[in-house]
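Q:
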Amino acid sequence: MRARAFPRLTERPIRKIRMVIDLEDPLKPEIPLEEFMKLHGGDPSPPRYRVTTIEVVTCSEDLQPVLASECGTCPKFVRRFGDKIYCKKAMIIEY
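Basically the working numbering = 1-based index in the sequence shown + 1.
Now the structure itself:
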């Protein structure tokens, strides 16, 4: 029996997490924007706080979370389009 591999694409959504960083107190931990708004009752003010966005993807090979920017170093990475990552996944067919 011979085996043949056909490339197939998997689609993974990118999850965006907005974090608030306190620039004046380096010992204060970063917290998600939604939690900051619950604790302080409003948006973070720019001189003291900075809002950053972290993009996270679940890897299609080992199902571990990775940064979306790390996907470009993977040999199975095909493309990022919109809020999704496309990767190759081999499908083995025996005949």
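Ideal placement from N, C-alpha and C gives every residue a C-beta, glycine not left out.
Does the Cβ-Cβ distance between threonine 59 and proline 66 come in under 7 Å?
A: Cβ distance < 7 Å, so threonine 59 and proline 66 count as in contact.
Q: Across the stretch 17-27 and the stretch 40-57, are there enough close Cβ pairs to call them in contact, namely three or more that are closer than 8 Å?
A: As far as the Cβ criterion goes, the stretch 17-27 touches the stretch 40-57, which means the pair count is three or higher.
Q: Considering only DSSP beta bridges, list what methionine 38 is partnered with.
A: DSSP, once it has assigned bridges, lists no residue as partnering methionine 38.
Q: Contact defined as beta carbons within less than 8 Å: I believe leucine 10 pairs with lysine 85. What is the distance between those atoms, to the nearest angstrom?
A: The pair is not a contact, with the Cβ atoms about 10 Å apart (cut-off 8 Å).
Q: Less than 7 Å separating the beta-carbons of arginine 51 and isoleucine 22?
A: Yes, the Cβ-Cβ distance between arginine 51 and isoleucine 22 is below 7 Å.
Q: Would you decide whether phenylalanine 82 is buried or exposed? Buried here means 16 or more other CB atoms lie within 10 Å of its CB.
A: Result: exposed.
Q: Between the Cα of leucine 24 and the Cα atoms of Met38, Arg13, His41, Pro45, which residue gives the shortest distance?
A: The shortest C-alpha separation from leucine 24 is found at Pro45.
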